[in-house]
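Accompanying notes for the structure given below.
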Amino acid sequence: MTHPTPQLANIGDTLPPLTFGPISRQTLALYAGASGDHNPIHIDTDFATAAGLDDVITHGMLAMSQLGRLVSDWVGSENIATLSTRFTAIIPVGASLTCTACVIECFEQDATSYLRLRLAAHINDGTQALKGDATVRVP
Amino acid sequence: MALFDRSLMGQTIGPVSVILERGPMLFFAETIGETNPVHLDPAAAHAAGHPDILALPTYAVVIASLADKSLARQGRCDSLKRLGADMRYLLHGGESYTYHAPIFAGETVEVTTEFAGVSNAGGGTLEIARIYQHIVHTDRGPLVTTKRDLIHKLPK
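Okay, structure coming up:
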């Protein structure tokens, strides 16, 4: 499947998908340090099991960072006007993510062309973990 | 059961000054697997017309955390503690960014946190707090506005 550049994109076109993972405990530990989110639910198995989970869980924001990369690698981060997501499922440690985006709207505002993208991140078992959208300026 | 502090709603914290050092920005970019050199290499960023490496789209959440750590170091309560967040039950419901201008390494920014409201859902099993954050550069103006929904999945 071919993926157009932002300049040639139309409704229904998709961006090159991005995969991330498997998300190891080491990745979660590094992300905790890099992001400053030290919530033990992501890095301390003892804490996670005491909280009633089977194991540590992935930072939602690590998954959102991949949706961000998917969009910024395509259009350049300086051309992203909005980026938004809801977290719809817990992402277990060890999961892999597939991030996808589809153009759902093209519009003009103040003599600038914009695209609206629908974003999704799925875990390897098929569960949709993130449901999002982005608005980008066509450079 | 209610864990979030509802008396906080309508209040703000800040502005808190945060210095965006290049090293932590690089560490973040490498950790999430970024490969675009404008986010990793100052020379590539200069060549693309930027003063330094560009922050990635979700770096705003890191800036929020840096602001919290700065408050904690001053002996003040950070935003999660103020909110009454209980890490055992805390989930992230949603995160939205509106970008006004790019963010570069080496800058100092001001972070203001606004507690907007708490609602209940799921027949009383969920408690949702909405927070807005404004990241502003003193000279360049607003950089990013964040809308964040934090959820307590309340114990039965």
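For the protein sequence lines, the chains are A and B, in the order given. Take the first sequence: its position 92, counted from the start at 1, is 92 in UniProt numbering, and no numbers get skipped. Take the second sequence: its position 42, counted from the start at 1, is 42 in UniProt numbering, and no numbers get skipped. We treat Cβ as the ideally placed atom computed from N, Cα and C, and that holds for glycine. Computed from a predicted structure; not experimentally measured.
For the beta strand (DSSP E) that contains residue i, what are its first and last residues?
i                      : result
residue 149 of chain B : 141-153
residue 20 of chain A  : 18-20
Residue i CB to nearest chain B CB: under 7 Å?
i                      : result
residue 39 of chain A  : yes
residue 31 of chain A  : yes
residue 15 of chain A  : no
residue 80 of chain A  : yes
residue 107 of chain A : no
residue 21 of chain A  : no
residue 86 of chain A  : yes
State yes or no: is the C-beta of residue i within less than 7 Å of the C-beta of residue j?
i                      : j                      : result
residue 118 of chain A : residue 102 of chain A : yes
residue 115 of chain B : residue 9 of chain B   : yes
residue 41 of chain A  : residue 50 of chain A  : no
residue 40 of chain B  : residue 29 of chain B  : yes
residue 97 of chain B  : residue 146 of chain B : yes
residue 48 of chain B  : residue 61 of chain B  : no
residue 80 of chain A  : residue 138 of chain A : no
residue 52 of chain B  : residue 101 of chain B : no
residue 91 of chain B  : residue 153 of chain B : yes
residue 94 of chain A  : residue 6 of chain A   : no
residue 95 of chain B  : residue 148 of chain B : yes
residue 63 of chain A  : residue 18 of chain A  : no
Per DSSP, what are the beta-bridge partners of residue i in this structure?
i                      : result
residue 94 of chain B  : A:86, B:149
residue 140 of chain A : No statement about residue 140 of chain A is possible, as the shown extent of chain A runs from 1 to 139 and does not include it.
residue 38 of chain A  : Paired residues: none, contrary to the question.
residue 119 of chain A : A:101, A:132
residue 143 of chain A : Because residue 143 of chain A is not part of the residues shown, which for chain A are 1 to 139, the question remains open.
Does chain A have any CB closer than 7 Å to the CB of residue i?
i                      : result
residue 100 of chain B : no
residue 51 of chain B  : no
residue 27 of chain B  : yes
residue 32 of chain B  : yes
residue 57 of chain B  : yes
residue 132 of chain B : no
residue 96 of chain B  : yes
residue 120 of chain B : no
residue 137 of chain B : no
residue 62 of chain B  : yes
residue 87 of chain B  : yes
residue 54 of chain B  : yes
For the alpha helix (DSSP H) holding residue i, just list the boundary residues, first then last.
i                      : result
residue 72 of chain A  : 60-75
residue 127 of chain B : Looking at the DSSP string, residue 127 of chain B is not in any alpha helix (DSSP H); the run it does join, the beta strand (DSSP E), is 126-137.
residue 92 of chain A  : From DSSP, residue 92 of chain A is part of no alpha helix (DSSP H); its letter is neither H nor E.
residue 33 of chain A  : 25-35
residue 133 of chain A : It is not in any alpha helix (DSSP H) - residue 133 of chain A instead sits in the beta strand (DSSP E) that spans 128-137.
residue 49 of chain A  : 45-50
Report the residue ranges of all beta strand (DSSP E) runs contained in full by the UniProt domain "FAS1-like dehydratase" (7-137) of chain B; include only those spanning at least 3 residues, in chain order. 12-19, 90-99, 108-121, 126-137
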